[in-house]
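Trainee: One structure is given below, represented as structure tokens, and several questions about it will come after.
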Amino acid sequence: MVELRELSVFDDEEVFMMLQNIGNDENAFTNPVKGMSYDDYKQWLKQQHNWSLGKDLPNGYVGQTIYWLYDNGIPVGIGKIRHALTEHSRKFGGNIGYAISNKYRGNGYGTIILKLLLEKAKDIKLEEKLLTVEKTNPASKRVIEKNGGKLIDENEERWFFCFD
Numbered sequence: 210m211v212e213l214r215e216l217s218v219f220d221d222e223e224v225f226m227m228l229q230n231i232g233n234d235e236n237a238f239t240n241p242v243k244g245m246s247y248d249d250y251k252q253w254l255k256q257q258h259n260w261s262l263g264k265d266l267p268n269g270y271v272g273q274t275i276y277w278l279y280d281n282g283i284p285v286g287i288g289k290i291r292h293a294l295t296e297h298s299r300k301f302g303g304n305i306g307y308a309i310s311n312k313y314r315g316n317g318y319g320t321i322i323l324k325l326l327l328e329k330a331k332d333i334k335l336e337e338k339l340l341t342v343e344k345t346n347p348a349s350k351r352v353i354e355k356n357g358g359k360l361i362d363e364n365e366e367r368w369f370f371c372f373d
């Protein structure tokens, strides 16, 4: 059974180990947990939980909710939904992002996690759903297109997609 679970301050070592299999900055997806100690990870979970509630946000940040993709109880990926777009995120990240653990790539999980994140975005009535993709990452472009993303712009480095 594949499911999306919201980050919890009680998330354990299984999630921590999955995050160690995703680079710090792969295809413009930021994973600050890579290389972090387990104790620091536990603090990071608390920080991310607060940010999802709009608490203690650094200047220029917006609320963001993090989700884990599980398959039969095993965490295989991470997804993020920013609750609003900033000028920076419009150009460099959008408000929905995802990454799959290196161990589980090539199994269709990217398509699944984006589908589930789009459902969450609809549930929380996210006004805009924008994803940006580096042109060095055609696999992610295909995932977005499979999920109904509409190409609305591009530059030398990125494609820009939106969803209804």
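Numbering (my numbering), first residue to last: 210 to 373.
Where a beta carbon is used, it is the ideal one built from N, C-alpha and C, also for glycine.
In this text, all values refer to a predicted model and were calculated from it rather than measured experimentally.
Would DSSP call Leu228 helix, strand or coil?
Mentor: Residue state, collapsed to three classes: helix.
Trainee: If you follow the alpha helix (DSSP H) that Val285 is part of, which residue opens it and which one closes it?
Mentor: Careful: Val285 lies outside any alpha helix (DSSP H), inside the beta strand (DSSP E) at Ile283 to Arg291.
Trainee: Asn233: which of Thr320, Ile287 and Leu216 sits nearest, CA to CA?
Mentor: Checking every option, the nearest Cα to that of Asn233 belongs to Ile287.
Trainee: Between which two residues does the alpha helix (DSSP H) harbouring Arg367 extend?
Mentor: Here Arg367 belongs to no alpha helix (DSSP H); instead the beta strand (DSSP E) covers Arg367 to Cys371.
Trainee: Straight-line CA distance for Ser298 to Tyr250?
Mentor: Computed Cα separation, rounded: 24 Å.
Trainee: Please work out which residues of its chain come closer than 6 Å, Cβ to Cβ, to Lys312, disregarding the five sequence neighbours upstream and downstream, and give them in chain order.
Mentor: Excluding positions up to five away in sequence, the list reads Asn230.
Trainee: Is it the case that the region 244–259 contacts the region 314–334, given that we only count it when at least three CB pairs across the two stretches are under 8 Å?
Mentor: Contact between the region 314–334 and the region 244–259 is absent, because fewer than three Cβ pairs lie under 8 Å.
Trainee: Using the C-alpha atoms, what's the distance from Glu343 back to Glu366?
Mentor: Taking the straight line joining both Cα atoms gives about 6 Å.
Trainee: Closest by CA to Thr345, which one among Trp368, Tyr270, Gly263 and Glu296?
Mentor: Closest by alpha carbon: Trp368.
Trainee: Nearer than 7 Å: is that true of the beta carbon of Ile333 relative to any heavy atom of the ligand PLP?
Mentor: By its list of ligands, the structure shown contains no ligand whatsoever, and the ligand PLP lies outside what it can speak to.
Trainee: Which of helix, strand or coil does DSSP assign to Leu254?
Mentor: Leu254 falls in the helix class under three-state DSSP.
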